[in-house]
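Engineer: Mind having a look at this structure? Questions to follow.
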Amino acid sequence: MSRDVVRIRHSDESFICMHCGRTVMPADSGTSNRNHCPHCLHSRHVDLTSGDRRSGCRSVMKPIGIWVQSNGEWSILHRCERCGFIRSNRIAGDDNEVLLLGIAARPLSKLPFPLEGLLKETL
Ligand SMILES: [Zn+2]
Ligand SMILES: [Zn+2]
């Protein structure tokens with residue numbers, strides 16, 4: 135049995151988002167491995183290590199933060215609602231940009247210290 139093209143099927147199939155219930159189509163831009171919903175940015179805890187689909191947890195993973203890599207590329211930090219496992223996933227070209235911005239700005243909108251006093255000291 136010989137084939138010229140071997141396709142990895144599991145990363146190429148559509149799935150129903152566990153959080154918003156919308157159908158997520160196979161990745162077509164920006165990523166080779168669709169691992170989160172572009173509409174609500176939630177993911178699912180299915181991997182033990184990236185892409186292996188061997189976790190038995192299967193719970194919803196919530197987007198909790200943005201992490202910027204040294205090349206400027208954004209990744210979303212996902213935290214599992216059930217077991218607390220945290221993982222980073224590259225953003226995709228069709229991710230909801232308003233939600234991405236909201237996650238990135240969240241710490242700035244909930245400062246744990248008063249901004250006024252800080253500005254007076256540094257200016
Ligand atoms: Zn969703
Ligand atoms: Zn989990």
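In my numbering, the protein residues as written are 135 to 257. We put the CB at the ideal spot given by N, CA and C, even for glycine.
Check whether the Cβ of Gly199 lies closer than 8 Å to any heavy atom of ligand 1, and answer yes or no.
Structural biologist: No, Cβ of Gly199 sits at least 8 Å from all heavy atoms of ligand 1.
Engineer: If I measure Cβ to Cβ from Leu234 and keep anything under 6 Å in the same chain, skipping five residues before and after, which residues do I get?
Structural biologist: Answer for Leu234: no residue qualifies.
Engineer: With the cut-off set at 9 Å, would you say Ser193 and Leu182 are in Cβ contact?
Structural biologist: It is not a contact, given that the beta carbons lie outside the stated cut-off.
Engineer: Nearest by alpha-carbon distance to Cys171: which of Val180, Val158, Gly185 is it?
Structural biologist: Checked all of Val180, Val158, Gly185; the closest Cα to Cys171 is Val158.
Engineer: Report the start-end ranges of each alpha helix (DSSP H) in the segment 218-244 that is 4 residues or longer and not cut off at the edges.
Structural biologist: Entirely contained in the segment 218-244, the alpha helix (DSSP H) runs reaching 4 residues are, in chain order, 231-243.
Engineer: For Leu253 versus Ile210, is the C-beta spacing smaller than 9 Å?
Structural biologist: Against a cut-off of 9 Å, the Cβ pair of Ile210 and Leu253 comes out as no contact.
Engineer: Whole angstroms is fine: what's the gap from Arg224's alpha carbon to Glu231's?
Structural biologist: Roughly 14 Å separates the two Cα atoms.
Engineer: Where does Leu175 sit, in a helix, a strand or coil, going by DSSP?
Structural biologist: In this structure, Leu175 counts as coil in the three-state DSSP scheme.
Engineer: Ligand 1 heavy atoms versus the CB of His179: any closer than 8 Å?
Structural biologist: No, Cβ of His179 sits at least 8 Å from all heavy atoms of ligand 1.
Engineer: Would you list the residues sitting across from Leu253 in a DSSP beta bridge?
Structural biologist: Paired residue(s): none; Leu253 is not in a bridge.
Engineer: Tell me which same chain residues have a C-beta within less than 8 Å of the C-beta of Ile220, skipping the five on either side of it?
Structural biologist: Excluding sequence neighbours, Ile220 sits near Ile198, Leu211, His212, Arg213, Cys214.
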